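Enquirer:
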Amino acid sequence: MDYQPKIELLQAEIDENDQSFFRLLVNGLQRKYVTLQPGIYSVEDIGKGFKGRSSTFAYSSLTDFASVQNAWHGTSIDYLELSIGRKLRMGVYEAKCPLLDEIFVAKFARFPWEIQYIENETTAYQ
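Okay, here's the thing in structure tokens:
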């Protein structure tokens, strides 16, 4: 029997005419980012999932992504510790974690190019 990793879609930014970006959680431990060139799949294909389909990757790379450096609050929580609740708006969710008793609002950069927006916002909060 072939090993099938558990893959959970965390975020997707899909565009049939430009690159599409996917943020995945693999086996509950690793975050992976996948970029698809336009024309590989239609929006309808992506919505149906990929079970039973084989994949070929042109290349893969290990990337050390930037992170927000200017934190205005002393508490830092790893994304994998969060239980994500209701979406309030893009990148903003209700969340829970074992560290805190209450439901709180979590805001995070879904993709690397959103880091600077969060960095600017946290600087303004100071």
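If you're matching positions, the sequence shown starts at 387 in my numbering and goes up one per residue.
Just so it is clear, CB atoms sit at the ideal spot from N, CA and C, and this is done for glycine as well.
Owing to the predicted nature of the structure, the values given are computational and were not obtained by experimental measurement.
#1: With DSSP as the reference, please indicate the residues paired to E480 in a beta bridge.
#2: Put T346 into one of helix, strand or coil per three-state DSSP.
#3: What do you reckon, are the CB atoms on P391 and V420 nearer than 7 Å?
#4: To the nearest angstrom, how far is it from the Cα of S517 to the Cα of K473?
#5: Quick test of your reading: A457 and T508, contact by CB under 8 Å. State the CB separation rounded to the nearest angstrom.
#6: Considering F519, what are the terminal residues of the beta strand (DSSP E) in which it resides?
#7: Which value, in whole angstroms, describes the spacing of the CA atoms of K493 and Y465?
#8: What separation, rounded to the nearest whole angstrom, lies between the Cα atoms of Y503 and G477?
Expert: Taking the geometry as given:
#1: V491
#2: The chain is shown only over 387 to 512; residue 346 falls outside these bounds and no answer can be derived.
#3: No, the Cβ-Cβ distance between P391 and V420 is not below 7 Å.
#4: Any answer about residue 517 is impossible in this case: the structure gives the chain only from 387 up to 512.
#5: Contact holds; Cβ gap of about 6 Å.
#6: In the structure displayed, the chain extends from 387 to 512; residue 519 sits before or after that span and is not available.
#7: 10 Å
#8: 11 Å
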